[in-house]
Structure formats: structure tokens, C-alpha cells
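Undergrad:
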Amino acid sequence: MSSRFQAPRGTQDVLPDMQPYWQAVNDAIREVTHLHGFRRIDTPVFENAGVFEKGSGDTTDVVEKEMYVFEDRGGERLALTPEGTPAICRAYLEHGMASWPQPVRLYTTHAMFRYDRPQKGRYRQHTQFDCEVLGSVDPLVDAEVIGILWDLYARLGIKNITVRLGSLDDLESRRSYIERLKDYYRPHLSKLSEDSQRRFARNPLRLLDSKDERDQPFKEAAPKLIESLSPLAQEHHDAVQGALAAAGIQFAIDPLLVRGLDYYNRTVFEIVPDDDERAQGTLGGGGRYDGLIELLGGPSTPGIGFGSGIERIILEMQKNGITFEPSPVAQVYIVHRAAGAGPKVFALASELRAAGVPAVIGETGKSMKAQMRGANTSGARFAVIIGDDELAAGAAVLKDLASEDGAQETLPLASLAAAIGARLRA
RNA sequence: GCGGGCGUAGCGUAGUGGUUAACGCGUCUGAUUGUGGCUCAGAAGAUCGAGGGUUCAAAUCCCUCCGCUCGCCCCA
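When the first sequence is numbered by my numbering, its final residue is 426 and no position is left out of the sequence of numbers.
#1: Evaluate residue 368 with the Cβ neighbour count: other Cβ atoms within 10 Å of its Cβ, from every protein chain shown; 16 or more gives buried, anything less gives exposed.
#2: Could you spell out where the alpha helix (DSSP H) holding residue 153 opens and where it closes?
#3: Using only alpha-carbon positions, find the residue among 216, 171, 236 that is nearest to residue 193.
#4: When burial is assigned at 16 or more other CB atoms within 10 Å of the CB, is residue 8 buried or exposed?
#5: Verify whether the separation of the beta carbon atoms of residue 210 and residue 219 is less than 8 Å.
#6: Hey, residue 243 and residue 140: beta-carbon distance below 8 Å or not?
#7: Looking at C-beta atoms only, is the number of pairs between the stretch 294–306 and the stretch 198–209 that lie closer than 8 Å three or more?
#8: Scan the stretch 282–363 and note each continuous alpha helix (DSSP H) run of 4 residues or more that stays entirely inside, going in chain order.
#9: Using the Cβ count rule (16 or more neighbours within 10 Å means buried), how would you classify residue 150?
#10: Tell me the rounded alpha-carbon separation between residue 136 and residue 103.
#11: Around the Cβ of residue 346, are there at least 16 other Cβ atoms within 10 angstroms (buried) or fewer (exposed)?
#12: Evaluate the contact criterion for the stretch 80–99 versus the stretch 61–68: three or more CB pairs, one atom per stretch, below 8 Å.
#13: Checking 8 Å against the spacing of the C-beta atoms, do residue 163 and residue 250 come in under that value?
#14: Which runs of the alpha helix (DSSP H) spanning at least 4 residues fall entirely within the stretch 208–272, listed in chain order?
#15: Looking at C-alpha atoms only, which residue of 414, 223, 253, 130 is the closest neighbour of residue 308?
#16: Please classify residue 273 as buried or exposed, where buried requires at least 16 neighbouring CB atoms within 10 angstroms.
#17: Opposite residue 422 in the DSSP bridges: which residues?
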């Protein structure tokens, strides 16, 4: 057993039974993005590692601890895409999209890779639906992007979700806030949890996010970023809220919402199931990144976007009781039991397929009973039976598998495809 | 990366030291000459996640590893 291969840790096979979920999600993504004027982009599975080291920030967990980095045979440092935004920004610059009509609205579904300890809803390879709008500072765009996710989840039958909305202020004023926050925490440092002591040095905003009991007393009195936004950031934040409210999108301000990537400013958001007990429940999240393109060496260009994990969306659909009927393997199953019938049978199947009718052929040599069983489990509507008599007469038996009495009739081979077509349409 | 739980045929389970590891679903075959679904009969399929140890004897106890899972961390 152990000598057999297994899918690598944290990866999974999507078997045929699960495909309807993926199809439903992908269809809904296509519709929703189309309705919002987004166009699809696909970027490579791997990029120069620097795209993420510079873009996402080389001290973020995603880059520092979780990114798959490797050197190729030519000595190039490459990384499997851990998140979509910097890759799309790289493409924006590379292809001169600044000279396209602004803003540029792009979406993709892309495999993402993070070396993380897997859990349900957390995988080393997952698939993300990503939307990015580049070249706009309009708060209506922030609301629009949040609205895309809202619409998507609604279409997929996911109920009872809430948008958590926050603002990380603009970069300058956030820096001074972080100093104030550190000043506040510094005297208490020794009383904090080990995690929070690490956070103090690494990512002070996360201090307010701690779940450790020892840290709770200090959270209350700590200064909150969202209470002292710069006037412009405050105005922006208000405008986003106004637009969301007008569209009937339920949101809750989360003063402690912090995201794990360095480039965010102003609007940040997450969408989570209301009842969610589990830690890996966040369906999607994102925010504004007005400084990112510049970080990547481009002209100052505002942007906003999000990622949403398709595996998590599907888990949430299942939690909401969404199921799919198994679909038939084919419409027509050809049963054949005559020596030398192979070529005729094969030609008939081709003819059916050319007419748009899915058809499969029973296994040569198997008993008629076995092939009929195959026809039944395939879910096909019709069985076409070709035995010695039919082959000699240039005919075939057409049997309606849906009828309980097993109605069947013999038809000339030449007219079979047309007859089946007519019945399927009826 | 840290801590806990779990791991028996494709799937779901029974079996907690002692004969050829059991059952359901599924798969395959058959039930008088070439016909599915229901029923019946039969078959295949498991070195009990892997490796090592304790014991006269291990799926069952111990250790290590692998995988899944829950919480933390982090994130989608």
C-alpha cells in the first residue's frame, strides 16, 4: 500500500461526482463577472519569485513561510503562485494596460500554492477566483467588487453570510498609528502571550486580533485604527458603506480586520458564513492596494481586488444542502452481439455524435445481459441493440429504457440516428 | 510551525490480544436459445495506512513515519 503513490499532502483529486459543483461555480463566476464588465486573464502557474517578494511583501507569512520557491535548470528563481494580485499587476505593467481604457477590470480562476499545514478548507494547492480593478480610486468600485462576491454566493445558494468591512487607512497615517499602538503595548509586553509578543515585532496590527485570554484585557483599551482615519480615508470608507447599504448588501464594520498582505490600504473586507464555527470558513477577502503597482516598478496606479477559494465555496454550498443529480453518461448505449459488427457499430456511434447525441458502445464480447446492465447504469435514455439478425438485415432494435414495459422496435440502420434525434427532441 | 483525535476491501462500517478478518453498498458473473431496472445465487476485492517492537499469539498493546481531521498560527 505504502509503495503506491498518493496525491501530495494538501492536494486533492476532483473526481467526476464533484465536477458539477465546480461547473456550477465556474458558470456563476462567468455570469457575474460578465454582468460587471470584467474580462478574463490567465497568468502562468509560476512567476519570478520577486513578483511576490516585492509585491506581497517579503516579511508576510505567505511569502516568507509558505511560498514554494525553486530554481529552474537555468538558475532562475521561480515561485508557484501563492496569490493572484501581484501576478495580475505584473501583467498589467508588462502589457501596458495603463494605456487601455481605465479602469481595467480583470478576473481569473487560478491554482494557488502555499506550503501550509493542511486542514479542511486549507490546502497546499487550491483554486482561487480573483477579481482585480486597476486604475480607479472610486469608492463605488470598492462596493462593486464586494458586490461581485455577494452576488456570486447568492447565485450558488449560499445563505447567511456577512461582509466584514474595515479600513486600514492610508499608508502614511497608518504608520503613525502603528507607532502609537506599539507605544501603548510596549509597557505590557511581558504580560502578553508568546504569539502576541511575536506579533509586536512582526505585525503589530495583529495584536488586536489575538484570541489568547491573556491578551484580552489589553485589547479593550488599545487605540483602534478605524477611529482615527485620515479625512480622505474616512470619506472613502463612508462612501463605500453608503453604496453597500444602498445595494442591500449586509455588512458589519470590523474595526479589527487585518489582512495578511502588506500592500493593502483603505478598504479591506472578508466574507464569512454567519454561523461559522470553523477557523477556515472565510469564503473570500480582499482590499484596496493603491501602492502595489508602484512597488512593482510601475507608475502610481490605484487598485482593488479579492480572492475567493473555490474549494471553500463548494464546502459552503454543501453545508447549505446544495446537491446535484448525477447526470447520464450518454443518451444512447449501443449493445452489440454479432461477430464482425464492430465497424458498423463504430460508424453508428460516430453518426450519433455528429448529430450531437452522446453515445457509448458496449464492450465487444460481453453478454447481451451484461451490456444491457451497462446501458441501464449509464443512465442512457435509449439502448440500440445489434445482434446477428439485425446485422444481417441492416437494422437495429431501438429500446426506450425509460419505459417500464421495455418498449422497443426494429428500425433500419440508415434511419436510426434521425429517429433517435426526433425522440430526444419530443 | 505547535498541540489533540483518527486511519479495517472502491465507499460506509463491525471486530479491542487467540482458528481461513465480518456485514451493507458498489463492481463482475449467472438464473434454458439474443434484452436493463426488482429478486435470487455466486465471484472478485483487505499483506487491517507503512515500518519496527512487545508476546507462544496483534487489526487489537508500544515506538517511528505517512495521511486525514480539530484547535492554534495563518489564510482563500
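The beta carbon of each residue, even a glycine, is placed where N, CA and C say it ideally should be.
The structure displayed is predicted, hence computed values, not measured ones.
TA: Reading it off the structure:
#1: exposed
#2: 139–155
#3: 216
#4: exposed
#5: yes
#6: yes
#7: no
#8: 292–295, 310–319, 342–354
#9: buried
#10: 5 Å
#11: exposed
#12: yes
#13: yes
#14: 216–221, 231–246
#15: 130
#16: buried
#17: DSSP, once it has assigned bridges, lists no residue as partnering residue 422.
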